[in-house]
Amino acid sequence: MFQFKWKRFGIVAGLSLSLVVAGCGQEDTDDTANNADNGGDDQTETTANVSSEIEYTITGIEPGAGITQATDNALTEYENLSGWEQETSSTAAMLTALGDAIDNEEPIVVTGWSPHYMFAKYDLKYLEDPKGVFGGVEYIATIVRKGLKEDMPEAYTILDRFQWEPADMESVMLAAQDIDFEKAAQQWVDENQETVAEWTDGVEPVDGAPIELVLTPWDTERSSANVAKVVLEQQGYDVTLTPVDPSVMFQAIAEGDGDASLAPWMPQTHAAFYEEYEGKFEDLGKNLTGAKIGLVVPSYMDIDSIEDLEPAE
192 MFQFKWKRFG IVAGLSLSLV VAGCGQEDTD DTANNADNGG DDQTETTANV
242 SSEIEYTITG IEPGAGITQA TDNALTEYEN LSGWEQETSS TAAMLTALGD
292 AIDNEEPIVV TGWSPHYMFA KYDLKYLEDP KGVFGGVEYI ATIVRKGLKE
342 DMPEAYTILD RFQWEPADME SVMLAAQDID FEKAAQQWVD ENQETVAEWT
392 DGVEPVDGAP IELVLTPWDT ERSSANVAKV VLEQQGYDVT LTPVDPSVMF
442 QAIAEGDGDA SLAPWMPQTH AAFYEEYEGK FEDLGKNLTG AKIGLVVPSY
492 MDIDSIEDLE PAE
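Residue numbers (this note's numbering): 192 to 504.
Next up, the structure:
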């Protein structure tokens, strides 16, 4: 069985932030005109305040994540992010920092992705990415080791048919805030028998054949992997889930240490890993479309684009 251990990273330091936006009316026409002329200065001052108050820091997740690499690229590509840093830690730490900031209506910039339950829980928005560093709309693919079709044709068929919508994934993630992922996945399977029947139509049951699904350690991938686990187990498979870093995920499937993965984000997030091992695994295509990554802020923040942020002083 494929094994992997990864280092735990410390929690992001707490933020103590405040944002004050003030304005005043002018009585005479000249003063009103002057106020309009200075509108750009006011906006610059506001964004500068936001940037300084969050200490020119983007709150990230694990160092091995594709979005972490994309954010590092953004720090290089955007001149206005000169002097900025990405503070990596864990997804849980990022979500805690985001929740704390929102509770206090404080500014924060985080690395975000959808589908994710945080968009259902909070009022958030992606910052526009004029340079396209984070790519456009993404999809999540299914990859399997070479020879899986011959060795496990029943599992291959189910994995090849596995496809669902972002709303499906988000419903599992949201349920998993109160119950564990396997129970949340079982609940989704029970409520979506027609979809599951399409995946398993004509597939013969097996008698305890082992199969290992490799996933990345984030809620999106826990959702798809656990749903696949439930469905495969109903067909008689003995399923093991192994969470690993994205680069190790591709390596595991390419070298046959794992059987399949429903976790690759394409064509941007995991492109480098895909290209490194391309030809050494079989790509079964998309299992979810409409995914996205980027820099995310609470909707109450008065910025709309990465270019609205100010360089560090």
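Every residue, glycine too, gets a C-beta built ideally from N, C-alpha and C. Here the structure is a predicted model, which means the values were calculated and not measured.
Roughly how many whole angstroms lie between the Cα atoms of residue i and residue j?
{"i": "HIS461", "j": "THR433", "result": "18 Å"}
{"i": "ILE299", "j": "TYR428", "result": "45 Å"}
{"i": "THR175", "j": "THR250", "result": "What is shown of the chain runs 192 to 504, which leaves residue 175 out entirely."}
{"i": "TRP409", "j": "GLY393", "result": "32 Å"}
{"i": "ASN264", "j": "MET285", "result": "19 Å"}
{"i": "ALA366", "j": "ALA454", "result": "20 Å"}
{"i": "LYS312", "j": "GLN368", "result": "11 Å"}
{"i": "LEU339", "j": "ASP291", "result": "46 Å"}
{"i": "GLU446", "j": "LYS471", "result": "7 Å"}
{"i": "GLU389", "j": "ASN240", "result": "53 Å"}
{"i": "ASN142", "j": "ASP359", "result": "Outside the displayed range of the chain (192 to 504) lies residue 142, so it cannot be described from this structure."}
{"i": "LEU289", "j": "LYS477", "result": "30 Å"}
{"i": "VAL435", "j": "ALA416", "result": "13 Å"}
In its own chain, which residues sit with a C-beta less than 8 Å from the C-beta of residue i, not counting the 5 before and 5 after it?
{"i": "GLY449", "result": "PHE193, ARG336, GLU403, LEU404, VAL405, THR433, MET440 and ALA443"}
{"i": "GLU270", "result": "PRO502"}
With a CB to CB cut of under 6 Å and the five nearest residues on each side skipped, what residues in its chain are close to residue i?
{"i": "SER305", "result": "LYS483"}
{"i": "ALA400", "result": "TYR428"}
{"i": "ARG413", "result": "PHE372"}
{"i": "VAL430", "result": "ILE402, LYS420, LEU423 and GLU424"}
When you measure from the CB of residue i to every non-hydrogen atom of the ligand FAD, does any distance come out below 7 Å?
{"i": "PRO401", "result": "For the structure depicted, the ligand FAD is absent and the ligand set is empty, with no information on it obtainable."}
From the DSSP output, read off the bridge partner residues of residue i.
{"i": "PRO434", "result": "LEU406"}
{"i": "SER496", "result": "GLU319"}
{"i": "ILE334", "result": "SER452 and ASP474"}
Can you give me the Cβ contacts of residue i inside the same chain, cut-off strictly under 7 Å, excluding the 5 residues immediately before and after it?
{"i": "SER362", "result": "TRP379"}
{"i": "VAL397", "result": "GLU345, GLN426, GLY427 and TYR428"}
{"i": "ALA503", "result": "TYR247, SER273, GLY274 and TRP275"}
Can you tell me which of the options puts its alpha carbon nearest to the alpha carbon of residue i?
{"i": "LEU423", "options": "LEU365, LEU350, SER490 and ASP369", "result": "LEU350"}
{"i": "SER438", "options": "MET360, GLN260, THR250 and GLU276", "result": "GLN260"}
{"i": "ILE258", "options": "ALA388, ASN295 and THR407", "result": "THR407"}
{"i": "ALA283", "options": "ALA265, GLY303, TRP275 and GLY274", "result": "GLY303"}
{"i": "GLN354", "options": "THR386, GLU373 and GLU341", "result": "THR386"}
{"i": "PRO489", "options": "GLY255, ASN240 and ILE293", "result": "ILE293"}
(request) Answer yes if the segment 369–379 comes into contact with the segment 325–335, meaning at least three C-beta pairs across the two stretches below 8 Å, and no otherwise. (result) no
(request) Please confirm if the segment 463–474 is in contact with the segment 309–318, defined as three or more CB-CB distances below 8 Å between the two stretches. (result) no
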